[in-house]
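Numbering (our numbering), first residue to last: -19 to 449. What follows is one structure encoded as structure tokens, with my remarks underneath.
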Amino acid sequence: MKLYNSLTRQKEDFKTYEEGKVRMYTCGPTVYHFAHIGNLRSYIMEDVLEKYLVYSGYDVNRVMNITDVGHLSSDADTGEDKMLKGAKREKKTVMEIAKFYTDAFFADCDKLNIKIPNTVQPATGCIPEFIEMVEGLIEKDFAYIAGGNVYFDTSKLKEYYVFNNHDAEDLAVGVREGVEEDTNKRNKTDFVLWFTKSKFDDQELKWDSPWGIGYPGWHIECSAISMKYLGDRLDLHCGGIDNAFPHHTNEIAQSEAYIGHPWCTHWFHVLHLNTSGGKMSKSKGEFLTVSLLEEKGYNPIVYRFFCLQSHYRKSLVFSWDSLDNAAQAYDKLIKKISTFEKEGEVDMAVVEEYRAKFNEVMGNDLNTSLGITAIYDVVKAKTNGATKRFLLDDYDRVLSLDLLKAADSVKEEKEETNEEDAYILEMIAKRAEAKKAKNYAEADRIRNELAAKGITLKDSSQGTTYTKA
Ligand code: AMP
Ligand code: ZN
């Protein structure tokens, strides 16, 4: 497949180190609050990427971390630890909120048909691995100790800014207004690998280390966790675009310094979901969650459908109107699919022809919006229902939109309604007969029996009509 690579800034043929195998790493959530639907846009697109690679015949080994320590509110080394902030807000321990929001994240993924990667590793479970890596970096002279903390020395690298042409704004990370500059750093872009002396005396989780009691920086966790499970040759690393700098830039710096050769060949970044008011972010406190969508009566899969309608490399603006449009389009599509006959022989020639079209668009930088168009092409195709259903099921191995499942339940509902309507009409006819025979007791009994089921009869000169509760 062709996939855009943030590292080379171009669409490339996706290649793996070992043939047929993909080692894939995803930056997991910081579990101090619910995931917002912006975070979940990233996870939906990464899920489609993983599923498309599997669909294309790759064996994918995917690892994700859970950030439960070390992620400071600035994304750099300033501000409060996000986990501590969450714990204080809820008057709970850090581990309690980590457990709660990790479970909530998995529940959201489940509702959105996002497959959980085969390995999920909380950062707090890998402290010895982080310490080992920091020790290695000190040995190789890529890290130094200052003011009790261990820092990565970015001046030792040939190239630090790997993703894009950074501007003054990026350079200002860590020296924002109202935030004290860390005078221990030799270079502005240096970052903390291990904190011992920090301004957070109340930091809840601390571990012993060769540099004193403390806790890891955020970036080290992804490098160490990825290497623990996937080795030192990574094929694919994913995350939202905000992770590119400083997080992924720092991951690359420390990983390559540690292993002494290039680390990850392909970087996949999902652009942000924004609201009309700007970027959605957890730290702002006000954000949209899957539960909120459900409370408002939306099927979470409609949100997935909405996300797939646009390309991952374009930012996406969320509005209730556009979600409504997606809901209407999805319902209409599902109703249409529910009319396809299951019986009949699948025409494999048609299947191959349409599969090739699907591969053409999905294999071209994961164009999910044309992937959705491919669904409509199948719906309109001149072939039997069984072939259409076969193809839709096939595409849904990647898109996970519940196409057949939802269509079958619509069909079942329709059949149940038809059965119920036939029963009511039969009862109305029986009641009319009873009335004709002046058997008013029987006519009333029938009326009452229907009333008990929430069905109200209304007699008029034109006959009897009914309404359902
Ligand atoms: P966090 O829980 O903050 O560590 O972020 C989890 C994931 O969501 C990361 O891959 C982020 O890059 C991504 N992310 C954060 N905000 C957004 C957004 N508004 N739209 C899409 N992805 C986002
Ligand atoms: Zn990460």
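Using N, Cα and C, we set each Cβ at its ideal position, and we do this for glycine too.
message = Quick check on Arg3: does DSSP put it in helix, strand or coil?
response = By 1-based counting over the sequence shown, the position of residue 3 is 23. Of the three classes helix, strand and coil, the one that applies to Arg3 here is strand, per DSSP.
task = Evaluate the contact criterion for the region 124 to 133 versus the region 92 to 104: three or more CB pairs, one atom per stretch, below 8 Å.
result = Touching, no.
request  = Specify whether the region 307 to 320 and the region 365 to 374 touch according to this definition: at least 3 beta carbon pairs, one from each stretch, less than 8 Å apart.
outcome  = Output reads yes: the region 365 to 374 touches the region 307 to 320.
ask   = Given a threshold of 16 other Cβ atoms within 10 Å of its Cβ, counted over all protein chains shown, does Gly50 qualify as buried or as exposed?
value = Working through the sequence shown from its first residue, we reach residue 50 at position 70. Its Cβ being crowded by 16 or more others within 10 Å, Gly50 is buried.
inquiry  = So if I measure from each beta-carbon to every heavy atom of the ligand ZN and keep distances below 5 Å, which residues remain?
reply    = Output, sorted by chain position: Cys7, Cys202.
request  = Within the same chain, show all residues whose beta-carbon is closer than 7 Å to that of Phe14, passing over the 5 residues directly before and after it, in chain order.
outcome  = To locate residue 14, count along the sequence shown from 1; it is residue 34. So the list reads Tyr81, Ala84, Thr269, once near-sequence residues are dropped.
inquiry  = Could you compute how far the alpha carbon of Val172 sits from the alpha carbon of His228?
reply    = As a position in the sequence shown, residue 172 is number 192, starting the count at 1. As a position in the sequence shown, residue 228 is number 248, starting the count at 1. For Val172 and His228, the distance between alpha carbons rounds to 14 Å.
key: Asn364 versus Ile205 - alpha carbon distance   = As a position in the sequence shown, residue 364 is number 384, starting the count at 1. As a position in the sequence shown, residue 205 is number 225, starting the count at 1. In a straight line, the C-alpha of Asn364 is about 49 Å away from that of Ile205.
request  = Could you give the DSSP three-state label for Val159: helix, strand or coil?
outcome  = If you number the sequence shown from 1, residue 159 lands on position 179. Only weak support is given to the placement of Val159: the predicted model assigns it a pLDDT of 49, under 50, and the value that follows is read from those uncertain coordinates. In the three-state scheme derived from DSSP, where H, G and I count as helix and E and B as strand, Val159 is classed as coil.
ask   = Can you name the residues that DSSP bridges to Glu(-8)?
value = Position 12 of the sequence shown, counted from the first residue, corresponds to residue -8. For Glu(-8), which the question treats as bridged, DSSP gives the partners Leu(-17).
task = Write down every uninterrupted run of the alpha helix (DSSP H) in the region 262 to 350 whose length is 4 residues or greater and which is fully enclosed by it, in chain order.
result = Correct list: 270 to 275, 280 to 288, 300 to 318, 328 to 342.
task = Use the C-beta contact count for Tyr(-16): other C-beta atoms within 10 angstroms, 16 or more gives buried, fewer gives exposed.
result = The count along the sequence shown starts at 1 and reaches residue -16 at position 4. The residue is buried, with at least 16 neighbouring Cβ atoms inside 10 Å.
query = Once you ignore the five residues that flank Tyr278 on each side, which residues in its own chain have a CB closer than 7 Å to its CB?
reply = Indexing the sequence shown from 1 puts residue 278 at position 298. Cβ neighbours of Tyr278 beyond the five flanking positions: Leu303, Ala307.
request  = Kindly indicate which residue of Val11, Ser235, Lys79, Asn344 has the alpha-carbon position closest to the one of Tyr140.
outcome  = Your numbering for residue 140 matches position 160 in the sequence shown. Checked all of Val11, Ser235, Lys79, Asn344; the closest Cα to Tyr140 is Ser235.
ask   = How would you call Asp61, buried or exposed, if buried means at least 16 neighbouring beta carbons within 10 angstroms?
value = Walking along the sequence shown from the start, residue 61 turns up at place 81. Buried.
Residues near Tyr35 in its chain [Cβ-Cβ closer than 7 Å; skip 5 each side] = Against the sequence shown, residue 35 aligns to sequence position 55. Taken in chain order, the residues that qualify are Arg377, Val378.
key: Paired residues, beta bridge with Pro102 - DSSP   = In the sequence shown, residue 102 corresponds to position 122, counting from 1. Paired residue(s): Ile46.
request  = Can you tell me which of Gln442, Gly443, Leu430 puts its alpha carbon nearest to the alpha carbon of Ala449?
outcome  = Within the sequence shown, numbered from 1, the residue matching residue 449 stands at position 469. Per the Cα distances, Leu430.
ask   = Within 7 Å: the Cβ of Ser290 and any heavy atom of the ligand AMP?
value = What you label residue 290 is simply residue 310 of the sequence shown in a count that begins at 1. Ser290: no, Cβ never under 7 Å from the ligand AMP.
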